[in-house]
Amino acid sequence: MKLTLKDKSNYIKGLLILIGKDKIIRKEERELLMDISAILGFDQNFIKEAIDEILINKYIIEEPPVFSKKEIAKAFIKDGIKLACSDKELHLYELNWLKSVVEKNKLESGFGLAEFEKFQKSVPNKIPARTDFEISKLVQ
Numbered sequence: 161m162k163l164t165l166k167d168k169s170n171y172i173k174g175l176l177i178l179i180g181k182d183k184i185i186r187k188e189e190r191e192l193l194m195d196i197s198a199i200l201g202f203d204q205n206f207i208k209e210a211i212d213e214i215l216i217n218k219y220i221i222e223e224p225p226v227f228s229k230k231e232i233a234k235a236f237i238k239d240g241i242k243l244a245c246s247d248k249e250l251h252l253y254e255l256n257w258l259k260s261v262v263e264k265n266k267l268e269s270g271f272g273l274a275e276f277e278k279f280q281k282s283v284p285n286k287i288p289a290r291t292d293f294e295i296s297k298l299v300q
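Count along the sequence shown from 1, add 160, and you get the number used in the numbering used here.
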């Protein structure tokens, strides 16, 4: 599937906002986001700077991203769960952010929670593999 530049930008911006929701950006979150940004073709220095500034940038508009296709939104939710859980806890603010993305993209009610439950069962107490991202399955 060909992702538009807008979809790629929304994906990264949405994940940046997600990792900032708990007001702490851990090493694991940083590394996973860098991996995802590389998959999407973003300049690594730009992403490093964006990660460093996400907690202090008061001009970020925290609107949930809307994607051109539901498949992209579903991949975002799944990757968002992996990213948010990489520090071994899913903060309520992160969960609510993912829920707002589900609603904004008109995905099935409960999709995010169902994916979180699947994730918990499949990856208990360990950080997800750094190469196992849903978005990589959609990028051409």
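Glycine included, every Cβ here is placed at the ideal spot set by N, Cα and C.
Remember, predicted model here, so these are calculated numbers, not experimental data.
Could you please give the first and the last residue of the uninterrupted alpha helix (DSSP H) stretch that includes residue i?
{"i": "serine 197", "result": "187–199"}
{"i": "glycine 270", "result": "Segment: none, glycine 270 is in no alpha helix (DSSP H) and carries neither H nor E."}
{"i": "lysine 297", "result": "294–298"}
In chain order, what residues of the same chain have a beta carbon less than 7 Å from the beta carbon of residue i, not counting five sequence neighbours either side?
{"i": "lysine 181", "result": "His251, Tyr253, Glu254 and Trp257"}
{"i": "leucine 189", "result": "In the sequence as displayed, the identity of residue 189 is glutamate instead of leucine. Excluding sequence neighbours, glutamate 189 sits near Ile179, Leu243, Ser246 and Asp247."}
{"i": "glutamate 275", "result": "Ile237, Lys238 and Ile241"}
{"i": "lysine 183", "result": "Leu215"}
{"i": "valine 262", "result": "Ile237, Phe271 and Gly272"}
Sorted by chain position, which residues of the same chain lie with C-beta nearer than 8 Å to residue i's C-beta, five sequence neighbours on each side aside?
{"i": "phenylalanine 227", "result": "Asp167, Asn170, Tyr171, Ala233, Phe236 and Asn265"}
{"i": "isoleucine 207", "result": "Ile172, Leu193, Met194 and Ser197"}
{"i": "leucine 200", "result": "Leu163, Lys168, Tyr171, Ile172, Ile295 and Val299"}
{"i": "glutamine 204", "result": "Met194, Ser197 and Ala198"}
{"i": "isoleucine 185", "result": "Ile179, Ile211, Ile214 and Leu215"}
{"i": "phenylalanine 202", "result": "Lys168 and Ile172"}
When DSSP labels each residue in this structure, what does residue i get in the three-state scheme?
{"i": "aspartate 167", "result": "helix"}
{"i": "isoleucine 184", "result": "coil"}
{"i": "phenylalanine 279", "result": "helix"}
{"i": "lysine 173", "result": "helix"}
Next on the checklist: Suppose only complete runs of 4+ residues qualify. What are the alpha helix (DSSP H) ranges in the region 204–266, listed by chain order?
Outcome noted: 204–213, 230–244 and 252–264
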